[in-house]
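Written below as structure tokens is the structure these notes are about.
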Amino acid sequence: MVIQLAESKIAEMKEKIGDKKVLLALSGGVDSSVSGVLLHKAIGANLTCVFVDTGLMRYKEGDHVEELFARQYGANFIRINAKDRFLAKLKGITDPEEKRKVIGEEFVRIFEEEAKKIGHVDYFAQGTIYPDVLESGTETSELIKSHHNVGGLPDVVDFEEIIEPLRELFKEDVRALGDSLGMPQNIVYRQPFPGPGLAVRILGEVTDEKIEILRKADHIVTTEIENADMGKTVWQYFAILTNSLAVGIVDDKRTYGNVIAVRVVGSENAITATWTKVPYHVLDIISKRITTEIREVTRVVCDITNKPPGTIEWE
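Residue numbers for the sequence shown follow my numbering, so the first one is 2 and each next one is one higher.
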């Protein structure tokens with residue numbers, strides 16, 4: 002069944018695209034990576050994968066993406082360092098919806114610029130899946146949050162059409178499709194990551210300093226959850242930099258530092274989710290590492306909210 006889905010998707014893309022050129026917005030997440038491999042098998046050299054390093058990515062994200070697509074698959078791959086550009090656009094913005102829309106528009110503008118450098122590009126492709134569409138609002142569902150690749154897109158884009166090979170699929174379908182395409186397990190079963198990146202896990206204004214604090218904390222959470230062999234049994238696990246400060250003690254002196262929240266949830270399709278009971282000893286390791294290794298953090302809390310009423314992400 003899944004093999005048939007892969008074959009039919011490849012055939013569908015071949016027929017639709019023909020000999021035209023496609024630029025894929027590659028984030029390195031499961032959805033865009035599966036879209037990339039699918040399109041690569043369908044149209045080969047007519048696909049160019051563009052990875053925009055927004056400066057809002059996880060620990061060594063760009064290196065992992067480049068290793069897979071440029072080296073393992075030999076795909077046309079472009080990596081762009083746009084950290085300063087995104088931070089400038091986000092300066093002073095605190096509203097979550099505005100963050101998502103600003104990031105979504107900036108992504109598209111960069112892809113348009115790259116398309117002109119490459120030459121004529123007909124189609125813009127991205128890894129939108131069905132939950133993205135639902136949460137961004139449809140004729141029959143209310144807006145929950147604008148995903149940067151749906152509600153966050155600008156009204157006018159300089160491409161003939163936007164291609165979304167996975168638009169009608171849920172996450173488990175995408176993973177099964179990735180398996181049938183022979184993709185590496187560490188990519189297929191990687192936890193979901195929001196398109197706007199760490200910007201929607203930093204409450205309030207996004208700054209370079211906040212990004213570095215959160216990236217370190219997130220890497221600790223990820224490492225310890227995976228060290229506890231929980232990586233494949235939970236849906237998502239990450240850190241959030243709250244917009245709160247708490248009194249702490251560092252070197253026997255009073256300090257006033259950041260509060261990090263830890264979010265670990267289980268889900269089947271991201272439409273609903275339940276908080277996961279992480280063993281106390283694992284939470285203890287996470288808390289001690291974060292407060293010891295990141296001097297700007299004085300307190301670690303754990304989010305025990307289901308979806309609904311809370312969303313998986315905090316923004």
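We put the CB at the ideal spot given by N, CA and C, even for glycine.
Just the Cα atoms here: how many angstroms apart are residue i and residue j?
{"i": "A116", "j": "L25", "result": "10 Å"}
{"i": "K118", "j": "E162", "result": "19 Å"}
{"i": "Y1", "j": "I79", "result": "The structure shown does not extend to residue 1, since the chain is modelled only from 2 to 316, so the question has no answer here."}
{"i": "E16", "j": "I44", "result": "10 Å"}
{"i": "S268", "j": "K254", "result": "42 Å"}
{"i": "A126", "j": "N259", "result": "38 Å"}
{"i": "K217", "j": "V301", "result": "13 Å"}
{"i": "V23", "j": "N47", "result": "6 Å"}
{"i": "E113", "j": "K289", "result": "45 Å"}
{"i": "G337", "j": "G183", "result": "Beyond the ends of the chain as shown, which are 2 and 316, falls residue 337; an answer cannot be given."}
{"i": "Y124", "j": "I287", "result": "44 Å"}
{"i": "I212", "j": "L135", "result": "29 Å"}
{"i": "F194", "j": "G120", "result": "31 Å"}
{"i": "D304", "j": "E99", "result": "24 Å"}
{"i": "R72", "j": "P185", "result": "13 Å"}
{"i": "I188", "j": "S34", "result": "8 Å"}
Taking the DSSP output, what are the residues bridged to residue i?
{"i": "G249", "result": "T256"}
{"i": "V23", "result": "L48 and Y124"}
{"i": "Q237", "result": "V266"}
{"i": "L242", "result": "I203 and I261"}
Would you decide whether residue i is buried or exposed? Buried here means 16 or more other CB atoms lie within 10 Å of its CB.
{"i": "H41", "result": "buried"}
{"i": "P310", "result": "exposed"}
{"i": "A89", "result": "exposed"}
{"i": "R296", "result": "exposed"}
{"i": "V251", "result": "exposed"}
{"i": "S9", "result": "exposed"}
{"i": "D85", "result": "exposed"}
{"i": "A12", "result": "exposed"}
{"i": "Q5", "result": "exposed"}
{"i": "S245", "result": "exposed"}
{"i": "V279", "result": "buried"}
{"i": "A200", "result": "buried"}
{"i": "Y238", "result": "buried"}
{"i": "D133", "result": "buried"}
{"i": "V207", "result": "buried"}
{"i": "K172", "result": "buried"}
Among the options, which has the Cα closest to the Cα of residue i?
{"i": "C50", "options": "D133, N77 and L215", "result": "N77"}
{"i": "I272", "options": "T299, L204, S9 and N307", "result": "N307"}
{"i": "R264", "options": "V222, G128, V53 and T208", "result": "V222"}
{"i": "G30", "options": "I18, D54 and D20", "result": "D54"}
{"i": "R202", "options": "D219, K61, D20 and I226", "result": "D219"}
{"i": "L204", "options": "G37, K172, S181 and T243", "result": "T243"}
Please confirm if residue i has its CB atom under 8 Å from at least one CB of chain D.
{"i": "E225", "result": "Absent from the structure: chain D. Only one protein chain is present."}
Which ranges would you report for the beta strand (DSSP E) in the segment 51-116 if only whole runs of at least 3 residues count? For the beta strand (DSSP E) assignment, the uninterrupted runs of no fewer than 3 residues enclosed by the segment 51-116 are, from N- to C-terminal side, 77-82.
Inside the segment 251-315 only - alpha helix (DSSP H) runs reaching at least 4 residues: Scanning the segment 251-315 from its first residue to its last, the whole alpha helix (DSSP H) runs of 4-plus residues come out as 281-294.
3-residue-minimum beta strand (DSSP E) runs that sit fully inside the segment 145-226, ordered along the chain: Complete beta strand (DSSP E) runs here, min 3: 162-164.
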